[in-house]
Amino acid sequence: MILGLDDQRKDILRSIEKNRLVSSILFSGAEGVGKKKLAISIAKKILCSTEYLEKLFDSGTLPDYLYVEEEKVIKVERIEEIINFSSIKPMYSDKKVVLINDAHKLNEYAQNKLLKTMEEAPLFLHIFLITHRPSLLLDTILSRVVEYSFKPIDKDIIFNSLDKSFDEDKRKIAAHFSSGSFKIAKEILEDDEKLKFLLVPKDIFSSIVKSDEFALFDLIMENSDSDEKALELIYNSKMWLRDIIMDSYSTYFMHRDILDMHKTFIDNEKLVKCLHLLDEAVIRINSSINARAVLINCFAKMYMEING
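Position 196 (the sequence shown) corresponds to 239 in the working numbering; numbering is contiguous.
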C-alpha cells in the first residue's frame with residue numbers, strides 16, 4: 044500500500060498502457076510520503092511481464108533495471124555507469140529503467156553529464172529522479188522532466204494506518220508531528236526517545252514564558268551535545284512555533300492548553316523574530332560554530348525578546 048498516492052499512480056499507469064510515458068520523470072515532495080516506493084512499483088510494472096522477471100527485479104538482478112543511490116554525493120562516475128547502461132538494448136524487457144534516489148545529491152558536474160544523457164536517451168530508456176529538494180537540481184534538468192509533486196499525506200490517513208498495537212496517544216503525537224510523512228510518523232512511534240525529543244520545545248518555551256532561566260539553560264545543555272541533535276531541536280522548535288502561529292490544533296495535538304498559554308505570551312511579531320533567530324542558528328551551526336554555544340545564544344535572545 045502506498046498511502047495517498049493513488050491519483051499519481053493511476054496517471055502514470057495510464058501513460059504506460061498507452062505507451063506514452065515520457066523518458067524522464069521527477070518525483071518531488073517531502074521525505075517519507077512514498078515517492079521511492081511508488082517509483083519502484085512503477086519501474087517493476089514497466090519491466091516485469093512475468094513472475095520470473097518480478098523475482099529478478101525483487102532480488103536486484105534484473106539487467107534492465109539500474110538503481111542509483113549514494114549516502115552523500117552522487118558523482119560523475121555513477122552517471123558514466125548510467126551512460127553505459129543506456130547504450131545497451133534491453134535484455135529481457137522492451138524497456139530499461141534508471142532510478143536515481145535523492146537526486147539532489149548529484150553534484151553539478153554529474154547533473155550536467157546526466158542532462159546530456161537525458162537529451163540523448165534512447166526510446167527504450169526511462170529515467171526516474173526522486174528528491175525532496177528539487178531546488179538543488181539545475182534548471183536545465185528540471186526543464187527536461189515531467190514533475191509529479193507529492194503532497195503531504197493527510198494526518199487522518201497516517202493515524203489510521205499506524206500500528207494499532209501502540210498507545211493511541213503516541214499514535215496521535217506521531218501523526219501530528221509527521222509533517223505528512225508516514226515514514227516519519229512510523230519512526231516517531233517506534234522510537235520513544237525521538238517522541239520525547241519532539242516535545243522538548245514545549246518545555247523550552249514554557250521555561251521562557253515563566254522566566255525560568257535555569258530550567259531553560261538545563262534544557263539546552265541536555266539537548267545540544269551534537270550538531271545533529273542541535274539542528275533537530277531547532278527544527279522541532281520551529282514546528283512548535285508553527286503550531287502557535289498557525290493555530291494548527293489538529294485532532295491529534297495533545298498539548299493545546301500549553302500551546303494556548305504560550306500564545307498569550309508570544310504574539311505574531313515575536314513569533315516571526317523567534318523563527319528568524321532559529322534560521323540564523325542553523326546557518327551558524329552549518330558554518331562549524333559550536334552548536335551548544337549557538338543554541339545558548341539563540342534561546343537567550345528569544346528569552347529577551349519574549350520577556351522584554
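Glycine included, C-beta positions come from ideal geometry on N, C-alpha and C.
Straight-line Cα distance separating residue j from residue i
| i | j | result |
| --- | --- | --- |
| methionine 282 | serine 221 | 10 angstroms |
| glutamate 312 | leucine 302 | 17 angstroms |
| glutamate 213 | aspartate 268 | The question names glutamate, but residue 213 in the sequence shown is lysine. Answer to the nearest angstrom: the Cα atoms are 26 angstroms apart. |
| leucine 56 | alanine 86 | 11 angstroms |
| glutamate 190 | tyrosine 108 | 21 angstroms |
| leucine 158 | serine 224 | 30 angstroms |
| arginine 335 | methionine 264 | 7 angstroms |
| lysine 78 | phenylalanine 70 | 6 angstroms |
| leucine 314 | leucine 321 | 11 angstroms |
| phenylalanine 167 | serine 204 | 37 angstroms |
| asparagine 35 | glutamate 256 | Because the chain is modelled from 44 through 351, residue 35 falls outside the range shown and cannot be assessed. |
| methionine 161 | serine 102 | 27 angstroms |
| glutamate 94 | threonine 104 | 14 angstroms |
| serine 330 | asparagine 150 | 20 angstroms |
| alanine 316 | alanine 324 | According to the sequence displayed, residue 316 carries lysine and not alanine. Distance between the alpha carbons of lysine 316 and alanine 324: 12 angstroms. |
| serine 129 | glutamate 123 | 10 angstroms |
| lysine 198 | glutamate 230 | 15 angstroms |
| leucine 46 | threonine 183 | In this prediction, leucine 46 has a pLDDT of 46, which is less than 50 and means its spatial position is unreliable; nothing more can be read from the coordinates. |
| alanine 217 | isoleucine 196 | 13 angstroms |
| aspartate 145 | lysine 207 | 31 angstroms |
| isoleucine 126 | lysine 132 | 12 angstroms |
| lysine 53 | isoleucine 143 | 22 angstroms |
| glutamate 236 | serine 254 | 27 angstroms |
| aspartate 270 | glutamate 211 | 32 angstroms |
Coarse secondary structure for residue i, derived from DSSP in three states
| i | result |
| --- | --- |
| leucine 81 | helix |
| valine 243 | helix |
| glutamate 123 | helix |
| threonine 160 | helix |
| phenylalanine 220 | coil |
| threonine 174 | strand |
| leucine 64 | coil |
| leucine 149 | strand |
| lysine 139 | strand |
| valine 352 | What the structure shows of the chain is the stretch from 44 to 351, and residue 352 is not part of that stretch, so it cannot be assessed. |
| leucine 180 | coil |
| histidine 169 | strand |
| serine 330 | coil |
| serine 208 | coil |
| leucine 109 | strand |
| isoleucine 117 | strand |
| leucine 274 | helix |
| serine 250 | helix |
| serine 71 | strand |
beta-carbon residue i near the ligand FAD non-hydrogen atom, thresh 7 angstroms
| i | result |
| --- | --- |
| serine 221 | As presented, the structure is devoid of all ligands, the ligand FAD included, so that no description of it is given. |
Beta-carbon gap between residue i and residue j smaller than 8 angstroms
| i | j | result |
| --- | --- | --- |
| glycine 75 | phenylalanine 193 | no |
| phenylalanine 308 | isoleucine 349 | yes |
| serine 58 | alanine 164 | no |
| proline 177 | tyrosine 135 | no |
| valine 252 | leucine 276 | no |
| isoleucine 328 | lysine 306 | no |
| alanine 273 | leucine 338 | yes |
| leucine 238 | serine 250 | no |
| glycine 138 | leucine 180 | The displayed chain sequence assigns lysine, not glycine, to residue 138. It is not a contact, given that the beta carbons lie outside the stated cut-off. |
| leucine 185 | phenylalanine 209 | no |
| alanine 228 | isoleucine 201 | yes |
| glutamate 113 | lysine 148 | yes |
| lysine 226 | histidine 298 | no |
| phenylalanine 342 | asparagine 279 | no |
| isoleucine 326 | valine 188 | no |
Supposed close pair residue i, residue j - CB separation, criterion 8 angstroms
| i | j | result |
| --- | --- | --- |
| valine 140 | valine 111 | The pair is not a contact, with the Cβ atoms about 11 angstroms apart (cut-off 8 angstroms). |
| leucine 284 | tyrosine 346 | Wrong, their Cβ atoms sit about 14 angstroms apart, outside the cutoff. |
| histidine 169 | leucine 99 | Contact flag wrong, Cβ pair sits at about 18 angstroms. |
C-beta neighbour in chain B for residue i, strict 8 angstroms
| i | result |
| --- | --- |
| glutamate 74 | Judged by its chain identifiers, the structure shown contains no chain B, having just a single protein chain. |
Any 3 or more C-beta pairs closer than 8 angstroms across the region 167-186 and the region 81-96: Between the region 167-186 and the region 81-96 there are three or more C-beta pairs closer than 8 angstroms, enough to call the two in contact.
At least 3 beta-carbon pairs within less than 8 angstroms: the region 142-154 vs the region 109-119: yes
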